[in-house]
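Peer 1: The numbering of the sequence shown is this note's numbering, which starts it at 105 and goes up by one.
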Amino acid sequence: MSKKVTVVGAGLVGSLLSLYLAKKGYKIDIYERRPDMRKANLLAGRSINLALSDRGWKGLEAVGIAEDIMKISIPMYGRHIHHKDGTKAYQPYGKDNQAIYSVSRADINMKLMDLAEEQANVTFHFDKRCAHISRGELVASFEDNSTKEITETKSDLLFGADGAFAASRLNMQLQSDRFEYNQHYINCGYKELIIPPGKNGEFLMEKNALHIWPRGTFMMIALPNPDGNFTCTLFLPFDGEKSFDNLKTEAQVKRFFEEEFPDAIPLMPTYLEDFKNNPVSSLVTVKCFPWTFDEKIALIGDAAHALVPFYGQGMNCGFEDCVVLNDLIEKHKENWPLILKEYETLRKPDADAIADLAVANFIEMRDRTADPKFLLQKKIEAKFSSKYPDKWIPSYSMVTFSPQIRYSTALKQGNKQQAIMDKIMDKPNIESIWESVEIENEMLNQLN
105 MSKKVTVVGA
115 GLVGSLLSLY
125 LAKKGYKIDI
135 YERRPDMRKA
145 NLLAGRSINL
155 ALSDRGWKGL
165 EAVGIAEDIM
175 KISIPMYGRH
185 IHHKDGTKAY
195 QPYGKDNQAI
205 YSVSRADINM
215 KLMDLAEEQA
225 NVTFHFDKRC
235 AHISRGELVA
245 SFEDNSTKEI
255 TETKSDLLFG
265 ADGAFAASRL
275 NMQLQSDRFE
285 YNQHYINCGY
295 KELIIPPGKN
305 GEFLMEKNAL
315 HIWPRGTFMM
325 IALPNPDGNF
335 TCTLFLPFDG
345 EKSFDNLKTE
355 AQVKRFFEEE
365 FPDAIPLMPT
375 YLEDFKNNPV
385 SSLVTVKCFP
395 WTFDEKIALI
405 GDAAHALVPF
415 YGQGMNCGFE
425 DCVVLNDLIE
435 KHKENWPLIL
445 KEYETLRKPD
455 ADAIADLAVA
465 NFIEMRDRTA
475 DPKFLLQKKI
485 EAKFSSKYPD
495 KWIPSYSMVT
505 FSPQIRYSTA
515 LKQGNKQQAI
525 MDKIMDKPNI
535 ESIWESVEIE
545 NEMLNQLN
């Protein structure tokens, strides 16, 4: 049985993976390029709050830590839409109080590190950059950021969990024939802003919702934090008429916010300062293949499949990688060649599917959530789904609240349902006949 494991990257997935493997008796060494974030504020001004949903919770429950994470998260039961004219609308995410949970990336990462470190067989090594992975004898070399000293570690298994720009993946790419790699940036960046709590620490907007200011080609969102503030993220094109390129001066930023987000300005006393000080970050999708090498090396999480954040599934997908891997360890009795092959075969189509869904959901969030016809479509689907739950699950529910449905199945089924809805929404007077038996029957016929 392989006992010694090297994990490259102490982020969300690397930390959770180490917990899974430690509980099975493996000795884990985790090497992280950055300093220990519990001692240094590394994410200030450049974080997106994360949305934990059912797939992620399943990953946490399996190692008995869901309760710990629940304490630092806030349920969001729907989208709270802020229109430009000051009116608001609410769209529930699911039914029967289904929720996604807002959690700070730094908070959950630090908590996972703490929980992993409680295991006697897990050791963290910070400020260690992955310099080289020698595939033959599976020796990984790490360079200390300060002393430049090289540490070499030999192990039975190695997991690359070091994010979208993974050194572990680059090492495999350079040492593999026919390694497929694709990265795609959307023409949109993001900047973190903040809505602080009120005088007595109270939330200044609805606490249990994800707030969206949809504006066509761009949007702002806000997610709640336990201390009463909201982490806001402005998603805006890099160039063009309404873009980061055209917001260089304080006057330009002020005019932009007064035009686009007038209701948010009174809640954001430091928005000009935050806009000036916080960086603009880019958004990338990464797809690659293969994910496993030599029956003892595997890529996992963002190192294998980085997603844009618009379906809130990056962390959930990475945690689901851990669940699948754990199930395969049980299934194949720690036969690692079999485990890794099946892990790659199962997860690659699902990762590709959620990557495509995440890009498509950007258009929905920034554009369609303010469109009356889109909102009507959602009403029709919700009504039909509640009557025929075995025949129709809305795409969002398949992805977010149905961990038993694979992402690849959700994409395929969602496309089929959208084709049906396109025909339904094209009907004359759909606004007045949407609740009729005729529409219901047509949807049933289309499904058969």
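Every residue gets a Cβ at the ideal spot worked out from N, C-alpha and C, and that includes glycine.
(1) Of the choices Asp189, Ile204 and Lys215, whose alpha-carbon is the least far from that of Lys143?
(2) Counting Cβ pairs, one atom from each stretch, are 3 or more of them under 8 Å apart for the stretch 247-267 and the stretch 160-176?
(3) Classify Glu424: buried if its beta carbon has 16 or more other beta carbons within 10 angstroms, exposed otherwise.
(4) By how many angstroms is the C-alpha of Phe230 removed from the C-alpha of Thr335?
(5) Over the uninterrupted alpha helix (DSSP H) stretch that includes Leu216, give me the two end residues.
(6) Going by alpha carbons, who is nearest to Gly168 out of Thr191, Tyr124, Met469 and Tyr197?
(7) Just the Cα atoms here: how many angstroms apart are Phe393 and Phe283?
(8) Quick test of your reading: Gly190 and Asp367, contact by CB under 8 Å. State the CB separation rounded to the nearest angstrom.
(9) Would DSSP call Phe348 helix, strand or coil?
(10) Check whether the stretch 500-510 and the stretch 195-203 are in contact - that is, three or more C-beta pairs closer than 8 Å.
(11) Give every residue of the same chain whose Cβ lies closer than 8 Å to the Cβ of Lys483, excluding the five residues on either side of it in the sequence, and list them in chain order.
(12) Quick one: using the 10 Å Cβ neighbour count with 16 as the cut-off for buried, is Asn545 buried or exposed?
(13) Can you tell me whether Ile404 is buried or exposed, with buried defined as 16 or more other CB within 10 angstroms of its CB?
(14) In this structure, how does DSSP classify Gln521 when only helix, strand and coil are distinguished?
(15) At the level of alpha carbons, what is the spacing between Gly149 and Asn381?
(16) Cα separation between Asn249 and Arg138?
(17) Less than 8 Å between the beta carbons of Cys292 and Phe365, yes or no?
(18) Just verifying my parser: in three-state terms, what is the DSSP assignment at Lys295?
(19) Flag this pair as yes or no: are the beta carbons of His436 and Leu442 separated by less than 8 Å?
(20) Might you give, ordered along the chain, the residues of its own chain that have their beta carbon closer than 6 Å to the beta carbon of Ala270, omitting 5 neighbours on each side?
(21) Apart from the five residues just before and just after Gly305, which ones in its own chain have a Cβ nearer than 8 Å to its Cβ?
(22) DSSP puts Glu247 in a beta bridge; with which residues?
Peer 2: The relevant details are as follows:
(1) Stepping through the sequence shown from its first residue, residue 143 is reached at position 39. When only C-alpha atoms are compared, the closest one is Lys215.
(2) Fewer than three beta-carbon pairs drawn from the stretch 247-267 and the stretch 160-176 are found closer than 8 Å, and the two stretches are therefore not classed as touching.
(3) By one-based count along the sequence shown, residue 424 stands at place 320. Classification for Glu424: buried.
(4) For the purposes of this step, residue 335 is taken as the residue at position 231 of the sequence shown. For the purposes of this step, residue 230 is taken as the residue at position 126 of the sequence shown. Taking the straight line joining both Cα atoms gives about 27 Å.
(5) Here residue 216 refers to the residue found at position 112 of the sequence shown. Taken as a continuous stretch (DSSP letters only), the alpha helix (DSSP H) holding Leu216 covers Arg209 to Glu221.
(6) Counting from 1 along the sequence shown, the entry for residue 168 is found at position 64. Ranking the options by Cα distance to Gly168, first place goes to Tyr124.
(7) Within the sequence shown, residue 393 is the residue found at index 289, counting from 1. Within the sequence shown, residue 283 is the residue found at index 179, counting from 1. So the alpha carbons of these two residues sit roughly 6 Å apart.
(8) Taking the first residue of the sequence shown as position 1, residue 190 is located at position 86. Taking the first residue of the sequence shown as position 1, residue 367 is located at position 263. Their Cβ separation, rounded to whole angstroms, is 6 Å, which keeps Gly190 and Asp367 in contact under 8 Å.
(9) Translated into positions along the sequence shown, residue 348 becomes position 244. Phe348: helix per DSSP, three-state reduction.
(10) yes
(11) Here residue 483 refers to the residue found at position 379 of the sequence shown. Here the set comprises Trp538.
(12) Position 441 of the sequence shown holds residue 545. It is exposed - the Cβ of Asn545 has fewer than 16 other Cβ atoms within 10 Å.
(13) Position 300 of the sequence shown, counting from 1, holds the residue named residue 404. By the 10 Å Cβ count, Ile404 comes out buried.
(14) By 1-based counting over the sequence shown, the position of residue 521 is 417. If DSSP states are grouped into helix, strand and coil, Gln521 belongs with the helices.
(15) Reading the sequence shown from its first residue, position 45 is the one you call residue 149. Reading the sequence shown from its first residue, position 277 is the one you call residue 381. Residue confidence for Gly149 is low, a pLDDT of 46 falling below 50, so the modelled location carries little weight; the figure read from the coordinates is stated next. Taking the straight line joining both Cα atoms gives about 8 Å.
(16) Mapped onto the sequence shown, residue 249 falls at position 145. Mapped onto the sequence shown, residue 138 falls at position 34. If I take the Cα positions, the gap works out to 9 Å.
(17) Numbered from 1 along the sequence shown, position 188 holds the residue referred to as residue 292. Numbered from 1 along the sequence shown, position 261 holds the residue referred to as residue 365. Contact: no.
(18) The residue you call residue 295 lines up with position 191 of the sequence shown. Note: Lys295 maps to strand in three-state DSSP.
(19) Locating residue 436 in the sequence shown gives position 332, counting from the first residue. Locating residue 442 in the sequence shown gives position 338, counting from the first residue. Taking 8 Å as the Cβ cut-off, His436 and Leu442 qualify as a contacting pair.
(20) Residue numbering aside, residue 270 sits at position 166 when the sequence shown is read from its first letter. Same-chain partners within the cutoff: Gly264 and Ala407.
(21) Position 201 of the sequence shown, counting from 1, holds the residue named residue 305. So the list reads Asp331 and Gly332, once near-sequence residues are dropped.
(22) On the sequence shown, position 143 is the one that residue 247 refers to. Looking at the DSSP output, Glu247 sits in a beta bridge with Arg233 and Ile254.
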